[in-house]
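Take a look at the structure below.
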Amino acid sequence: MRVKPSRPVAQALLVAGDVAVFLLFSVWGRASHGLSLGALEVLKTAFPFLAAWLVVGAALKAFRLEAFRTASGTVKRVTGIWLVAGVAGLVFRALLVGHAIIPSFAVVTLITVWVLMVVWRLVFWALVLRPVRR
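Residues 1367 to 1500 in our numbering are what the sequence shown spells out, letter by letter.
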């Protein structure tokens, strides 16, 4: 099934899905470590990565629908943007919590969020952006 929302609605859905990716990552990570899943704690965990994604993404056009014309192009763009935003998020988090970046955490974070974001963006592309074949 394919939907064709208006441009503002599509962009809002795109950003909402991106936010959901970071919240899911935060919940998943906190749950796997037996940490509280309270809303504030989940938001605190997601915040540095979400903030980096929104800032870097805005600069690198992650929220422009026309930048994601193909499935392979979507994967490539998300990968490049996430590499920059992910590193920025790790640095931001280290500054916020006051300790160095833990290499194993960095690897898990970069890979997990990348997979979640690519899956989300491909679903969005397939349902909203993919050209209709006639």
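Every residue, glycine too, gets a C-beta built ideally from N, C-alpha and C.
Ranked by how close their Cα comes to the Cα of residue 1497, the residues 1455, 1435 and 1447 have 1435 in first place. Going by C-alpha positions, residue 1441 is about 18 Å away from residue 1385. Between residue 1387 and residue 1482, the C-beta spacing is below 8 Å.
Sequence-distant partners of residue 1458 (beyond 5 residues in either direction) whose C-beta falls short of 7 Å from its own C-beta, in its chain, are 1414, 1417 and 1418.
Residue 1437 places its beta carbon less than 8 Å from that of residue 1491. Around residue 1478, the same chain offers 1391 as residues with beta carbons nearer than 7 Å, after the five sequence neighbours per side are excluded. Each residue's CA atom was taken as its position, placing residue 1473 and residue 1452 some 10 Å apart. In the displayed model, residue 1436 falls within coil according to three-state DSSP, outside both helix and strand.
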